[in-house]
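Notes for the one structure printed next.
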């Protein structure tokens, strides 16, 4: 029987205008914490995790700070679904990120950015209308490839009565190549690997599942995809228990997944069995998580009104949860590898 713990904790940091905080990422060498606001197309980071308010910085991603001629229409705003920083003991100078139309590269020194790979360059998805889509979550594979999900943008919305337009890409920034991994997904979400790097996990939010598949010779074996966790089954009291951002603890293989609209973060053992759930009573839209210094959990949340920002309370804030709720002990590695570039 899973243990349920209700958390009565203050927010770690709360940007009062936050809409959709996601993609939280811990970097071990520089001891920094990154996250994004997807809706506002912002990359956030703190350079001293123990003093978040004093070291919090934000970079807005749009056509105005593009390095060169912006290659896309300016009629629709940019988005930032996930961030892939390049860590070093001297600090993060470069961060790759998943934007509306592709993978971008940001200089944290100049705050200028540029697209490295556009999704429209994928020949397998030439029929997609890219103005209708945006990046969602993603991760970096053991070989340095970026895996990134794409879904309907906010002005379109997701309609499960229609054909799904979302998909999952694999992008190699170094070779500027992109290939389709999975198509026709409403909300492709987190991507993770087990500690040995031979199994890949993909979150399919509106199917309420996390899929698993062998990862062999730097390629996911999609034909061998199978169900790993069914969130509808273990959250039957909720109408739409959507698994959102997740992370795998490389120390023991446990998977930590937020469940949007349920107030929950659920913790599974390395066989996919639910062991514990953490409840955030004041903010139902729990969106993403990572492990950080000392094994503490860092958790992002979303506004109750993402589109208009009319929200009160702690929704949109980040929370820091004590390592006492985490089974594994010892040093925590970075949440993500750096992409190959």
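In the UniProt record's numbering, the protein residues as written are 1 to 341.
C-beta atoms are modelled at their ideal positions from N, C-alpha and C, and glycine is treated no differently.
Collapsed DSSP secondary structure at residue i in the structure displayed
i	result
residue 148	strand
residue 302	strand
residue 207	helix
residue 335	coil
residue 188	strand
residue 10	coil
residue 172	strand
residue 123	helix
residue 44	strand
residue 222	helix
residue 319	strand
residue 34	strand
residue 325	helix
residue 272	coil
residue 23	strand
residue 107	strand
residue 102	strand
residue 166	strand
For residue i, the first and last residue of its enclosing beta strand (DSSP E)
i	result
residue 55	Note, residue 55: premise wrong, no beta strand (DSSP E); alpha helix (DSSP H) at 52 to 55.
residue 134	133 to 140
residue 286	286 to 291
residue 242	242 to 248
residue 256	255 to 260
residue 81	80 to 85
residue 38	Neither: residue 38 is in no beta strand (DSSP E) and is coded neither H nor E.
residue 97	94 to 99
residue 116	113 to 118
N-terminal and C-terminal residue of the alpha helix (DSSP H) that residue i is part of
i	result
residue 2	Segment: none, residue 2 is in no alpha helix (DSSP H) and carries neither H nor E.
residue 233	231 to 234
Beta-carbon gap between residue i and residue j smaller than 9 Å
i	j	result
residue 173	residue 103	yes
residue 188	residue 180	no
residue 265	residue 299	yes
residue 241	residue 259	yes
residue 326	residue 297	yes
residue 336	residue 142	no
residue 61	residue 97	yes
residue 291	residue 2	no
residue 19	residue 34	no
residue 257	residue 210	yes
residue 99	residue 41	yes
residue 341	residue 144	yes
residue 294	residue 229	no
residue 24	residue 330	no
residue 359	residue 58	Residue 359 is absent from the structure shown; the chain starts at 1 and stops at 341.
residue 9	residue 321	yes
residue 277	residue 5	yes
residue 195	residue 248	yes
residue 50	residue 36	no
Contact test: residue i Cβ vs the ligand ZN heavy atom, cutoff 8 Å
i	result
residue 142	As far as ligands go, the structure on display features none, and thus does not contain the ligand ZN.
Can you find at least 3 beta carbon pairs, one from the stretch 154 to 164 and one from the stretch 109 to 117, that sit closer than 8 Å?
no
May I ask you to verify whether the stretch 47 to 57 touches the stretch 67 to 75, counting CB pairs closer than 8 Å and requiring at least 3?
no
Should the stretch 235 to 246 be regarded as contacting the stretch 217 to 225, the criterion being three or more beta carbon pairs within less than 8 Å?
The stretch 235 to 246 makes no contact with the stretch 217 to 225: fewer than 3 CB pairs, one atom from each, lie closer than 8 Å.
Taking one C-beta from the stretch 118 to 133 and one from the stretch 309 to 328 each time, how about it: are there three or more such pairs within less than 8 Å?
no
Contact between the stretch 130 to 142 and the stretch 74 to 83: three or more CB pairs below 8 Å?
Enough Cβ pairs lie closer than 8 Å, so yes.
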